[in-house]
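Number of protein chains: 2
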Amino acid sequence: MTPTTPRDDEPSSPRSPVVMRDVAKAAGVSVATVSHVVNDNPRARIGQAARERVRRAIEELGYRPNALAKTLVTGSSSFIGLVADAIATTPFAGQIIQGAQDEAWKHGYVLLVANTGGNEAAEEQAIAMMLEHKVRGILYSTWFHRAVTPPAALAETDAVLVGCYSEDSSLQAVVPDEVQGGRTATQLLLDAGHRRIAFINTSHPSPAQTGRLEGYRELLERAGVGYDPALVVEATSDQEGGYEAAMRVLEHDVTAVFCHNDRVAMGLYDAARDRSLRVPDDLAVVGFDDQEVISAHLRPPLTTVALPHYDLGAAGVRLLLGIDEPTAGTARLVACPPVVRSSV
Amino acid sequence: MTPTTPRDDEPSSPRSPVVMRDVAKAAGVSVATVSHVVNDNPRARIGQAARERVRRAIEELGYRPNALAKTLVTGSSSFIGLVADAIATTPFAGQIIQGAQDEAWKHGYVLLVANTGGNEAAEEQAIAMMLEHKVRGILYSTWFHRAVTPPAALAETDAVLVGCYSEDSSLQAVVPDEVQGGRTATQLLLDAGHRRIAFINTSHPSPAQTGRLEGYRELLERAGVGYDPALVVEATSDQEGGYEAAMRVLEHDVTAVFCHNDRVAMGLYDAARDRSLRVPDDLAVVGFDDQEVISAHLRPPLTTVALPHYDLGAAGVRLLLGIDEPTAGTARLVACPPVVRSSV
Numbered sequence: 001m002t003p004t005t006p007r008d009d010e011p012s013s014p015r016s017p018v019v020m021r022d023v024a025k026a027a028g029v030s031v032a033t034v035s036h037v038v039n040d041n042p043r044a045r046i047g048q049a050a051r052e053r054v055r056r057a058i059e060e061l062g063y064r065p066n067a068l069a070k071t072l073v074t075g076s077s078s079f080i081g082l083v084a085d086a087i088a089t090t091p092f093a094g095q096i097i098q099g100a101q102d103e104a105w106k107h108g109y110v111l112l113v114a115n116t117g118g119n120e121a122a123e124e125q126a127i128a129m130m131l132e133h134k135v136r137g138i139l140y141s142t143w144f145h146r147a148v149t150p151p152a153a154l155a156e157t158d159a160v161l162v163g164c165y166s167e168d169s170s171l172q173a174v175v176p177d178e179v180q181g182g183r184t185a186t187q188l189l190l191d192a193g194h195r196r197i198a199f200i201n202t203s204h205p206s207p208a209q210t211g212r213l214e215g216y217r218e219l220l221e222r223a224g225v226g227y228d229p230a231l232v233v234e235a236t237s238d239q240e241g242g243y244e245a246a247m248r249v250l251e252h253d254v255t256a257v258f259c260h261n262d263r264v265a266m267g268l269y270d271a272a273r274d275r276s277l278r279v280p281d282d283l284a285v286v287g288f289d290d291q292e293v294i295s296a297h298l299r300p301p302l303t304t305v306a307l308p309h310y311d312l313g314a315a316g317v318r319l320l321l322g323i324d325e326p327t328a329g330t331a332r333l334v335a336c337p338p339v340v341r342s343s344v
Numbered sequence: 345m346t347p348t349t350p351r352d353d354e355p356s357s358p359r360s361p362v363v364m365r366d367v368a369k370a371a372g373v374s375v376a377t378v379s380h381v382v383n384d385n386p387r388a389r390i391g392q393a394a395r396e397r398v399r400r401a402i403e404e405l406g407y408r409p410n411a412l413a414k415t416l417v418t419g420s421s422s423f424i425g426l427v428a429d430a431i432a433t434t435p436f437a438g439q440i441i442q443g444a445q446d447e448a449w450k451h452g453y454v455l456l457v458a459n460t461g462g463n464e465a466a467e468e469q470a471i472a473m474m475l476e477h478k479v480r481g482i483l484y485s486t487w488f489h490r491a492v493t494p495p496a497a498l499a500e501t502d503a504v505l506v507g508c509y510s511e512d513s514s515l516q517a518v519v520p521d522e523v524q525g526g527r528t529a530t531q532l533l534l535d536a537g538h539r540r541i542a543f544i545n546t547s548h549p550s551p552a553q554t555g556r557l558e559g560y561r562e563l564l565e566r567a568g569v570g571y572d573p574a575l576v577v578e579a580t581s582d583q584e585g586g587y588e589a590a591m592r593v594l595e596h597d598v599t600a601v602f603c604h605n606d607r608v609a610m611g612l613y614d615a616a617r618d619r620s621l622r623v624p625d626d627l628a629v630v631g632f633d634d635q636e637v638i639s640a641h642l643r644p645p646l647t648t649v650a651l652p653h654y655d656l657g658a659a660g661v662r663l664l665l666g667i668d669e670p671t672a673g674t675a676r677l678v679a680c681p682p683v684v685r686s687s688v
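So the protein sequences, as listed, match chains A and B. Residues in the first sequence are numbered consecutively from 1, following this note's numbering. Residues in the second sequence are numbered consecutively from 345, following this note's numbering.
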């Protein structure tokens, strides 16, 4: 990067903004007329020619209407708030933002994002800020599926829980379908002919823990293979957990392992390599989450089930805006799709 | 989650908001007086007792002033925009948001975040939206360090580039110090007594490619070890690249490898395991980035150099607000600190 002086035709300080008066002058109309055109005032009678001149002047001058003033005039704001506990510290939940943002933009809304680290004071501050900016509503999201006690201030606006739910169902919620995800993972292994299928589950109590187990069990029973509790072990839900659990799993003479998540699968890969077991020839492995930086780049690339972060964010916005009908008394479930690579 | 009906004392629809009139009534003052107190109007003369009554009423009633109206009165907005190419699809650059947000909040600003996927039309739309909301300024950030041609609309406000820079230095920029990072990685290996140190660099031309190499070379020469170009190989900057490059590196009888990033190091670990080489006893390894979900959980945990995403976001806000002095004609460098684990 070579230091240079700014070019003459490109001022280094911001240009002075074009105001409504400039547009009115260029179009040969009054400021009030420009205001009516900008705010789509249905009660104002403005001729087609004048309307056209105003539009052309806006385009030529690069006039930007003040969205905040428009909000005060119309009484409705173009903001949707997203309060998240840990977008920044979680490596893949950022897709929640992307899904919510894309859906919000589609309907003319802008996303106000606050990452609170789960800190109560920061949450309170974030929600207060959003309410002061007259948001249309607030999405309250967590990076892993769990029950929450929603902050009381959420009652002051429309709110939807994303990736979490409240025990008393006082707020609409949208969460991943853990049971279907567990079935999907198990189906991938059954389809490949496996019958002795272990499950390394997390030791952390959560909807993911109970839901994925339920799906695994349900499908094994339905397929006539039967459920053997000896083939289910619990471990911490990271690489270290998967490595350590391998020992307990492999003594049961299994040909396939469903892992609670991709990190557990990564630890299992290391343990298999230490025992000269080849994936998938000696041992088939299915993960969960589709944490791409790991799953797509293991040797061999991992077949897994994706957490639908993007869809959760988008579904949250659709519920908030009333585009999707709410499901009474229960959370809306979003499907966890299979991602087939080379480990089965 | 059991479906339940809402409790009687908790209405399921939002409460009707407290307005300024309610505060005025409770405090026994005029609406104008409440407005002056809320907007800190220095020209208004209000007695200490009345001011106290208003403050107490605001607190008791839970009144939330309208931040948008305040913006129109004071002429300055409380927003800072952050346009990012890929927060959501990159597993760790989200820390840029966190750093920018924390620093913005500290100074009374709120972050408007837009993730554009690097798409030009989405960038234009995001910047237009931010300008319409009268942002104090815009941070334009990229998830990896590179030269950019800033969108023309950035000239309409104050702007700072974060994690990128423009060739003509027309905008202030803050970027990671790649050269110092390369020195730091090499120093970790020299300090442990290594002299035959290979470098698996990325094959992708970038400031990271040239900067980290420059730091590696500079330090080897300064330490009297000398620079041997045969020990530098290029590879794709992912696990597959590291695995493949291992062959070319290990034939040179090296005792240590500096990897362009943690993903490359993960691939090198797999290749070392295939050759029954133990890390760090047979081969010391240093990564770069500190992509924690990988680096902290490899076997053994990886010693690396961190990309200072959080600090980049915070430094960007400080430059934008004029809290830090700009460096004329060149980008501000943020240090990449060592993260010592068990691979050296």
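Even for Gly, the Cβ is constructed at its ideal location relative to N, Cα and C. Since this is a predicted model, take the numbers as computed values, not measurements.
- Task: Give the single residue among A:V135, A:S166, A:A86 and A:I96 whose Cα lies nearest to the Cα of G108 of chain A.
- Result: A:V135
Self-check item: Straight-line gap, E10 of chain A to V373 of chain B (C-alpha atoms, nearest Å)
Solution: Residue placement at E10 of chain A is flagged as unreliable, the pLDDT there being 37, under the threshold of 50; a coordinate-derived value is accordingly withheld.
Report task. Could you tell me whether any Cβ in chain B is nearer than 8 Å to the Cβ of N115 of chain A? Result -> yes
*Spell out whether any CB of chain B is found under 8 Å from the CB atom of H297 of chain A.*
yes
Should M20 of chain A go down as buried or exposed, given a rule of 16 or more other Cβ atoms within 10 Å for buried? buried
- Query: Are any of the Cβ atoms in chain A nearer than 8 Å to that of E467 of chain B?
  - Reply: no
Going by beta carbon distance, what residues of the same chain come within less than 6 Å of C164 of chain A, once the five residues before and after it are set aside? T142, R146 and V148
May I ask you to report which of helix, strand or coil DSSP gives T546 of chain B? strand
Answer yes or no: do A198 of chain A and H260 of chain A have a C-beta to C-beta separation smaller than 8 Å? no
Note to self: Let me see if you follow: with CB-CB separation under 8 Å, is L505 of chain B close to chain A or not?
What the structure shows: no
Notebook entry, point to check: What are the start and end residues of the beta strand (DSSP E) that includes G215 of chain A?
Noted result: Premise fails: G215 of chain A lies in the alpha helix (DSSP H), P207 to R222, not in any beta strand (DSSP E).
task = Give a yes or no on whether the minimum CB-CB distance between Y407 of chain B and chain A is below 8 Å.
result = no
Checklist entry - Is T186 of chain A closer than 8 Å to L213 of chain A when the C-beta atoms are compared? => result no
Kindly give me the distance between the Cβ atoms of L456 of chain B and L426 of chain B, rounded to whole angstroms, as I take these residues to be in contact under 8 Å. 7 Å
Practice task
Could you work out which residues of chain A lie near E447 of chain B, taking near to mean beta carbons separated by less than 7 Å?
Solution key: Ordered by position in chain A, no residue passes the 7 Å Cβ test against E447 of chain B, which lies about 13 Å from the chain.
- On the premise that D606 of chain B lies in contact with L716 of chain B, defined as a C-beta separation below 8 Å, what is that separation, rounded to the nearest angstrom? In the structure as shown, chain B begins at 345 and stops at 688. Residue 716 of chain B is therefore absent and cannot be evaluated.
Problem - D384 of chain B - DSSP class collapsed to helix/strand/coil - result: coil
**First and last residue of the uninterrupted beta strand (DSSP E) at I138 of chain A** = I138 to A147
Own chain, CB closer than 7 Å to T236 of chain A, minus 5 neighbours either side, in chain order:
S203
Quiz prompt | Proximal chain A residues relative to E584 of chain B, where beta-carbon distance stays under 8 Å | solution = H297
| Simplified DSSP assignment, three categories, for A256 of chain A | strand
Note to self: According to DSSP, simplified to helix, strand and coil, what is T186 of chain A?
What the structure shows: helix
(Q) Could you check whether the Cβ of V37 of chain A sits closer than 8 Å to any Cβ belonging to chain B? (A) no
Quiz item: Who are the neighbours of D270 of chain A on chain B, taking C-beta pairs under 7 Å?
Solution: R643
* Where the alpha helix (DSSP H) through G666 of chain B begins and ends -> Run containing G666 of chain B: none; DSSP gives neither H nor E here.
Item to complete: Ignore the nearest five residues each way along the sequence and tell me which others in A448 of chain B's own chain have a CB closer than 7 Å to its CB.
Response: I424, V454, L455 and V661
query = What does DSSP give as the partner residues of N459 of chain B in its beta bridges?
reply = B:A428
* Proximity below 8 Å, CB of V175 of chain A to CB of Y140 of chain A -> no
A128 of chain A: contacting residues in chain B (beta-carbon distance under 8 Å): R408
Mind checking which residues open and close the beta strand (DSSP E) that includes Q635 of chain B?
Counting along the chain, Q635 of chain B falls outside any beta strand (DSSP E), and DSSP gives it neither H nor E.
Requested in this report: Decide if E167 of chain A is buried, meaning its Cβ has at least 16 other Cβ atoms within 10 Å, or exposed.
Outcome: exposed
At a Cβ threshold of 8 Å, is V454 of chain B touching chain A?
-> yes
Q. For E325 of chain A, which option in A:V160, A:A296 and A:A335 has the closest C-alpha, if you only look at C-alpha atoms?
A. A:V160
Whose C-alpha, out of A:V334, A:G224 and A:R299, is nearest the C-alpha of A314 of chain A? A:V334
Determine the DSSP secondary structure at R299 of chain A, reduced to helix, strand or coil. coil
Show which residues of chain B have a CB atom less than 8 Å away from the CB atom of Y243 of chain A. R643
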